[in-house]
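Data block below; observations after.
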Amino acid sequence: MTRATKRVVVTRRIFPELIEDLKRDFDVADNEADIAWSPPELAAALKNADAALITGGDRVDAALLAQCAQLKIVANIAVGYNNIDVAACTSHGVLATNTPDVLNEATADHAWALLLAAARRVGESERWLREGKWQRWTFDMFAGADISGSTLGILGLGRIGRAIARRAGGFGMQVIYHNRTRLAAADEAGARHVNLETLLREADHLVLVVPYSPAVHHIIGAAELAKMKRSATLVNIARGGVVDDAALVDALRSGRLAAAGLDVFENEPTLNPELLTLENVVLTPHIASSTRATRTAMASLAIANVRAALAGERPPSLLNPEALDHSR
Ligand code: DGY
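With the first letter of the sequence shown counted as 1, position 300 gets the number 881 in the numbering used here; the numbers rise by one all the way through.
Structural data, given as structure tokens:
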């Protein structure tokens, strides 16, 4: 039986005006407490839902989908979608969508914020200053690494990677990148394709933007860190699991690697406690896309995806077009 008003479940708190917008057309249930639902809680919440607006912390897999007979779409409010088993969605006739492009610039800005802060020791020197330790100036205080004129390495040159690469021009940097397959020259944003070894060896600063998949789990581990310059900075805005955090802690502690800027972590929001003890790492809580305007644009795109799916139309950022043939 189809209901007159479709039910949309929003799994985490989003801006109230977006909920109001949804409520004009749908029966909306949201997670007012904003505490991530466990798998059974998520299944219970989505049991009678026609659409789900979810975030990267919500796992959508075959076990969940089997309990949600009404569900037509899972709309991720994130560009990364390693939390969604897209093949399972397709086999259940559920459309899956993400939020590409609208977050490219904000996310690239944050990669630069982490890179500049880590290489120039901003967090460490600010903590020191706030602790009242600045009694006298010294010639070598907090001497960091040059950004201008250095070589930027990017692992995963996609939409966000290109936005990062474009900003490097303002710093007079050389940009090298590694993707498994070289891009067409028009898509390289002036960056030079190199193999992973060369990327690790030549980058003065290395930014990780590669989408997470099991194939790239711990693609940066002890062996890779050992190939980087000792003076290098590592920035991870991709996903936890791309870096072996324990190996990174060892490299930062031993001086094998100068600095790191991290927005994502293995097992986040629980961090490797050792990271918190290190001065040469800048840590942010997975906020690379978090500007008011960008988060609004991401949720608005996710809502546009939901509206299209529930109207029987193709959502603008559909991940599994093959599901359209047998969508519910
Ligand atoms: C994304 O969009 O994948 C981000 O990591 C979510 O903030």
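We put the CB at the ideal spot given by N, CA and C, even for glycine. Keep in mind that this is a model prediction, so the values were computed, not measured.
Here V887 has V589, A632, L634, I654, A656 as same chain residues with Cβ atoms under 7 Å from its own Cβ, once five neighbours each way along the sequence are excluded.
Membership of V667 in the alpha helix (DSSP H) is indicated by the continuous run 667-672. At a threshold of 7 Å, L684 counts as near ligand 1, since its beta carbon sits closer than that to one of the ligand's heavy atoms.
Closest in C-alpha terms to E613, from the list A626, A625, R594, L603, comes R594.
Straight across, the Cα-Cα distance linking A784 with N853 is about 26 Å. When DSSP reads this structure, Q716 sits in no beta bridge, so it has no partner.
Straight across, the Cα-Cα distance linking T732 with T719 is about 28 Å. Assigned with DSSP and collapsed to three states, I616 falls in coil, not helix or strand.
One thing to note: E705 has its Cβ no nearer than 8 Å to the Cβ of E805. Between A624 and V660, the alpha-carbon positions lie close to 23 Å from each other. DSSP places N817 inside the beta strand (DSSP E), whose first and last residues are 814-817. Across the set M809, I735, S812, L789, the C-alpha of I735 shows the shortest separation from the C-alpha of V775. Following the DSSP letters along the chain, one finds D608 inside the beta strand (DSSP E) bounded by residues 608-611. With fewer than 16 other Cβ atoms inside 10 Å of its own Cβ, M722 counts as exposed. The distance from the Cβ of A726 to that of T814 is about 6 Å, consistent with a contact at the 8 Å cut-off. For H691, the uninterrupted alpha helix (DSSP H) segment begins and ends at 685-700. In the DSSP assignment, no residue is bridged to A804. One Cα belongs to T671, the other to H799, and the distance between them is close to 28 Å. DSSP places T877 inside the alpha helix (DSSP H), whose first and last residues are 873-891.
Proximity to L599 across L738, L882, P902, R909 peaks at L882, based on C-alpha coordinates.
In the structure shown, G661 falls within a coil segment according to DSSP collapsed to helix, strand and coil. Between H786 and H673, the alpha-carbon positions lie close to 43 Å from each other.
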